[in-house]
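Asks:
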Amino acid sequence: MKSDTILDFAGTYEQYVHSCGDDHLDVDTVVLKAQDKKSKARKVQKAAKASGDADQSVKELKKRREEITSGIEAREARLGELDATFSDPAFYNGTSPEEMRALQAERQAVEAEVSDLVAAWEEVEEELGELA
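Take any residue in the sequence shown, note its place counting from 1, add 91, and you have its number in this note's numbering.
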């Protein structure tokens with residue numbers, strides 16, 4: 092099919108856009124998506140070249156993945172401890188407001204750390220997928 096011909100699509104416009112896989116009218120989104128894919132591919136290639144060997148890069152990524160997952164597990168365990176503390180009715184009777192605020196701030200910080208670690212884990216998994 093040529094680009095200057097009409098395409099007959101059986102369905103609604105929304106179905107057509109969905110079948111295309113992206114909103115082809117939103118040029119900025121399409122361009123950003125393409126640039127993001129290219130930059131990630133370049134990062135993986137640079138990592139493989141810098142280490143001199145793709146196998147070494149895979150080993151390093153797997154080691155990094157293990158470090159990240161153990162960090163996630165530790166922080167999620169701490170979140171569980173904090174949640175258990177907050178769910179204890181006696182905690183609110185015998186704890187000062189300053190301590191409560193400090194624990195709430197700690198919980199928010201740990202949640203942010205977990206979120207950052209999960210994002211890092213996703214990046215490592217994506218890089219491993221590209222190298223494999």
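We treat Cβ as the ideally placed atom computed from N, Cα and C, and that holds for glycine.
Do the CB positions of residue 155 and residue 201 come within less than 8 Å of each other?
Replies: no
Asks: Go through its chain and collect everything with a Cβ distance to residue 159's Cβ below 7 Å, but skip five positions before and after it.
Replies: 208, 211, 212, 215
Asks: Would you report the Cα separation of residue 166 and residue 129, rounded to the nearest angstrom?
Replies: 33 Å
Asks: Determine the direct distance from the alpha carbon of residue 169 to that of residue 183, and round the result to whole angstroms.
Replies: Linking residue 183 to residue 169 through their CA atoms gives a straight-line distance of about 19 Å.
Asks: Give me the residue from 110, 179, 101, 173 with the minimum Cα distance to residue 199.
Replies: 173
Asks: Less than 8 Å between the CB atoms is what I'm expecting for residue 148 and residue 222, so what's the real figure, rounded?
Replies: Going by Cβ atoms, the distance from residue 148 to residue 222 rounds to 6 Å, so yes, they are a contact pair.
Asks: Please state whether the Cβ-Cβ distance between residue 152 and residue 176 is less than 8 Å.
Replies: No.
Asks: Output the distance between the C-alpha atoms of residue 150 and residue 187, rounded to the nearest integer angstrom.
Replies: Going from the Cα of residue 150 to the Cα of residue 187 covers about 48 Å.
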